[in-house]
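Residues in the sequence shown are numbered consecutively from 44, following our numbering.
All C-beta atoms, glycine included, are put in the ideal place defined by N, C-alpha and C.
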Amino acid sequence: MELIKTISQMKKISSKWKKEGQKIAFVPTMGFLHEGHLALVRKARELGDKLVVSIFVNPLQFGPKEDFRDYPRDLERDLSLLEKEETDVVFAPSAEEMYSPDFQTYVEVTKLTQNLCGAFRPGHFKGVTTVVLKLFNIVKPDIAIFGEKDYQQLQVIKQMVKDLNLDVEIVGHPTVREKDGLAMSSRNTYLSSLERNSALCLYKALLLAEKLVKEGEKNPQKIKKQLENFIHGFPFTKVQYIELVDPQTLEPVKIIDKPVLCALAVYVGKARLIDNKIINP
Ligand code: AMP
44 MELIKTISQM KKISSKWKKE GQKIAFVPTM GFLHEGHLAL VRKARELGDK LVVSIFVNPL
104 QFGPKEDFRD YPRDLERDLS LLEKEETDVV FAPSAEEMYS PDFQTYVEVT KLTQNLCGAF
164 RPGHFKGVTT VVLKLFNIVK PDIAIFGEKD YQQLQVIKQM VKDLNLDVEI VGHPTVREKD
224 GLAMSSRNTY LSSLERNSAL CLYKALLLAE KLVKEGEKNP QKIKKQLENF IHGFPFTKVQ
284 YIELVDPQTL EPVKIIDKPV LCALAVYVGK ARLIDNKIIN P
């Protein structure tokens, strides 16, 4: 396994592989890897001849009051985990390497980024699409894997690839959960043990939404209200949003008469956690 820190070296390797006809599979991450990331890495290992994983905490996708500085980092540990998964190259550039002082070009998906996390994190998805497009240009993947845990991100990336005719296939991977159902996340490390208990409210709320829909509830407002009350029964929690949206357009639905995405963002202590589930009536 090679650790590459410069864009020029990464481009050289990927160009060589392309010439040889190798299929490059790519998993972009911000590091501090957990089993969720590793599931994506294993899938990519299966789908490609060569496997590249990037580790880059992208400053562009964090708001001024968000956790860029505190975001957990442990490159040594990440490298040893990736080595075990037979990763060919870990691309881990510095922020200076990725963004020169005169950097001024952005790519933005306009509509899909309006709701859900986009409504509360202005500029976040613009930062995501810009860095992902840069990474695609550098790594030149044939296929790239993204987690459904960040459902809106996955849809936004698919839209960008379609709109800009990029030659990469985007594959989604189901959310990997802890035994009790909590979606794995690097941000779970922010949780104290009491907060960890409360963090389960996201998954339980999704199951409650599913139960209500299966029992015949069609009114999203009623479900949202019940979920909000339910979540606020857990200490240390503060709901940012609870939405029931069309899984393709991410627009709020007025009535639940076909599959719907239930998506949540909840602060548990200082950790902002998200989760989602597609619910079939
Ligand atoms: P991050 O390091 O948080 O930017 O995540 C890198 C990739 O891993 C993204 O495509 C995420 O959606 C995905 N991911 C993060 N957590 C999970 C999880 N629990 N299950 C599946 N994919 C995940």
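**Request:** Indicate the three-state DSSP secondary structure (helix, strand or coil) for K281 in the structure shown.
**Result:** If DSSP states are grouped into helix, strand and coil, K281 belongs with the strands.
**Request:** Within the same chain, show all residues whose beta-carbon is closer than 7 Å to that of K54, passing over the 5 residues directly before and after it, in chain order.
**Result:** So the qualifying residues of the chain are I181.
**Asked** For A68, which of Y149, F134 and E286 has the nearest alpha-carbon?
**Response** If we check each option's Cα against that of A68, F134 comes out closest.
**Message:** Using the Cβ count rule (16 or more neighbours within 10 Å means buried), how would you classify Q198?
**Reply:** Under this definition Q198 is a buried residue.
**Prompt:** Helix, strand or coil: how does DSSP classify F179 here?
**Reply:** Helix.
**Asked** In the segment 214-273, which residue ranges form an unbroken alpha helix (DSSP H) of at least 4 residues, counting only runs that do not cross its ends?
**Response** Counting only runs of 4 or more, we get 236-242 and 244-257.
**Item:** Anticipated Cβ contact below 8 Å, G312 with S229, distance rounded
**Value:** At roughly 15 Å, the Cβ-Cβ gap does not stay under 8 Å, so G312 and S229 are not in contact.
**Item:** Under the three-state DSSP convention, the category G166 falls into
**Value:** Here G166 sits in coil by DSSP.
**Asked** To the nearest angstrom, how far is it from the Cα of V288 to the Cα of L81?
**Response** Approximately 29 Å, taken between the alpha carbons.
**Prompt:** Can you tell which of L249, V296, E253 and C244 has its C-alpha closest to the C-alpha of K327?
**Reply:** What the structure shows of the chain is the stretch from 44 to 324, and residue 327 is not part of that stretch, so it cannot be assessed.
**Request:** Could you work out which residue in K268, R85, K201 and S51 is closest to L124 when comparing CA atoms only?
**Result:** For L124, the closest of K268, R85, K201 and S51 by C-alpha to C-alpha distance is R85.
**Message:** Does the beta-carbon of A226, which I'm using as the reference point, lie nearer than 6 Å to any heavy atom of the ligand SAM?
**Reply:** The model on display carries the ligand AMP but not the ligand SAM.
**Prompt:** Between the C-alpha atoms of R88 and I186, what's the straight-line distance to the nearest angstrom?
**Reply:** Going from the Cα of R88 to the Cα of I186 covers about 11 Å.
**Request:** Keeping to the same chain, check which residues put their C-beta closer than 6 Å to that of A306; ignore five residues upstream and five downstream.
**Result:** L159, E286 and N319.
**Item:** Proximity to Q147 [Cα-Cα], best of P290, R164 and V174
**Value:** The option with the nearest alpha carbon to Q147 is V174.
**Asked** Between L237 and P217, what straight-line distance do the alpha-carbon atoms span, to the nearest angstrom?
**Response** L237 and P217 have their C-alpha atoms spaced approximately 27 Å apart.
**Request:** Would you mind working out which of H167, G190 and G166 sits nearest P71, comparing C-alpha positions?
**Result:** Closest by alpha carbon: G190.
**Prompt:** Alpha carbon to alpha carbon, what distance is there between H275 and E129?
**Reply:** Between E129 and H275, the C-alpha separation is close to 43 Å.
**Item:** Candidates E294, G259 and K247: closest to E271 by CA position
**Value:** Here the closest residue by C-alpha is K247.
**Item:** Local conformation of E109 per DSSP, three classes
**Value:** For E109, the secondary structure class from DSSP, reduced to helix, strand or coil, is coil.
**Request:** Measure the beta-carbon distance from V152 to I188 and round it to whole angstroms, keeping in mind my assumption that it falls under 8 Å.
**Result:** So it is not a contact: roughly 19 Å between Cβ atoms.
**Item:** Buried or exposed (CB count within 10 angstroms, at least 16 for buried), G64
**Value:** G64 sits exposed, since fewer than 16 C-beta atoms from the chains shown fall within 10 Å of its C-beta.
**Asked** Under the DSSP definition of a beta bridge, which residues are partnered with K320?
**Response** Partner(s): C305.
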